[in-house]
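A.B. asks: Quick one: the structure is below, questions incoming.
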Amino acid sequence: MPVADADLVAALLRRDRKAAAEFVERCSDALYGFVRIRLAPRHDLVEDMVQDVFLQAWQALPRYRGEAGLVPWVIGIARHKVQDHYRGRLRSIESPWDEPEAEAPGEDAEALLVRQGEIERIHATLGRMTEAYRIVLLWRYWEKLPAAGIAAATGRTEKAVERLLARARAEFRRLYDAG
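For the sequence shown, the working numbering assigns the number 32 to the initial residue and increments by one for each residue that follows.
Set out below in structure tokens:
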């Protein structure tokens, strides 16, 4: 029987080893999936990011209020860590797809394979782009940040972000069409 989130946090704060294993087991799948897809195609960064998130979550446990479930709370920490990662990358240098939807009712295997192939093609295209272009497209189309939000996060003007987005979209189209 699973331990309630509040009980698990209390055990973690007492440094219970079994609780630590339960915490990692409970959060790992969702956390890895969340981080992996947002760092694509840089899958080499996933392990370190996940460890950083677990460390930050562990340090923040005394402040866990239980308003959200433990897993969504950890995912919230991951969201901020990923944003910080991209914010730092965009500041130091001069993906458009939406989250894959659940299988549509009545969708056949062939349509699902076509959609999966399209997602893989988008990932491959983003992987061939410069980091600045990839990051700005991911923020705009994946995280749904407006140009003003990207500008505020990176210290650039909104016009500069709009120009960067225009160049990134053009580069994406060129690479995508080239296959």
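Ideal placement from N, C-alpha and C gives every residue a C-beta, glycine not left out. No experiment lies behind these values; they were computed from the predicted model shown.
List the endpoints of the continuous alpha helix (DSSP H) containing W89.
C.D. replies: V77 to A91 is the extent of the alpha helix (DSSP H) around W89.
A.B. asks: Does A37 pass the burial test, meaning 16 or more other C-beta atoms within 10 Å, or should it be called exposed?
C.D. replies: With fewer than 16 Cβ atoms within 10 Å of its Cβ, A37 is classed as exposed.
A.B. asks: What are the start and end residues of the alpha helix (DSSP H) that includes E149?
C.D. replies: Its alpha helix (DSSP H) spans residues A140 to G158.
A.B. asks: For a quick check, are the C-beta atoms of A209 and H154 less than 8 Å apart?
C.D. replies: Their beta carbons are not under 8 Å apart, which means A209 does not touch H154 by this criterion.
A.B. asks: Does the contact criterion of 3 or more C-beta pairs under 8 Å hold for the stretch 89-97 versus the stretch 63-78?
C.D. replies: No: the two stretches stay apart, fewer than three of their Cβ pairs being nearer than 8 Å.
A.B. asks: Does R200 come out as helix, strand or coil in the three-state DSSP assignment?
C.D. replies: Three-state DSSP puts R200 in a helix.
A.B. asks: Less than 8 Å between the C-beta atoms of L196 and A184, yes or no?
C.D. replies: No.
A.B. asks: If we call anything under 8 Å between Cβ atoms a contact, is V81 one with L62?
C.D. replies: Closer than 8 Å, so yes.
A.B. asks: Which term fits A142, buried or exposed, when burial requires 16 or more other beta carbons within 10 angstroms of its beta carbon?
C.D. replies: By the 10 Å Cβ count, A142 comes out exposed.
A.B. asks: Is DSSP giving E162 helix, strand or coil here?
C.D. replies: E162 falls in the helix class under three-state DSSP.
A.B. asks: Quick one: grab the DSSP three-state call for P131.
C.D. replies: In this prediction, P131 scores a pLDDT of 45, lower than 50, which makes its location untrustworthy; the coordinate-derived value is nonetheless stated afterwards. Three-state DSSP puts P131 in coil, outside helix and strand.
A.B. asks: Below 8 Å between beta carbons: does that hold for A5 and V66?
C.D. replies: Absent from the structure is residue 5, since the part of the chain shown begins at 32 and ends at 210.
A.B. asks: Beta carbon of L169, beta carbon of Y117: below 8 Å?
C.D. replies: Yes, the pair counts as a contact, with Cβ atoms nearer than the cut-off.
A.B. asks: Closer than 7 Å by C-beta to A50: which residues in its own chain qualify, once you throw out the five before and the five after it? Chain order, please.
C.D. replies: So the qualifying residues of the chain are L39, A42 and L43.
A.B. asks: Mind reading off the beta-carbon distance from E174 to A182? Whole number of angstroms is fine, and I expect it under 8 Å.
C.D. replies: Actually they do not touch by this definition, with Cβ atoms about 14 Å apart.
A.B. asks: May I ask you to report which of helix, strand or coil DSSP gives P72?
C.D. replies: Here P72 sits in coil by DSSP.
A.B. asks: Between D75, F85 and E78, which has its C-alpha nearest F54's C-alpha?
C.D. replies: When only C-alpha atoms are compared, the closest one is F85.
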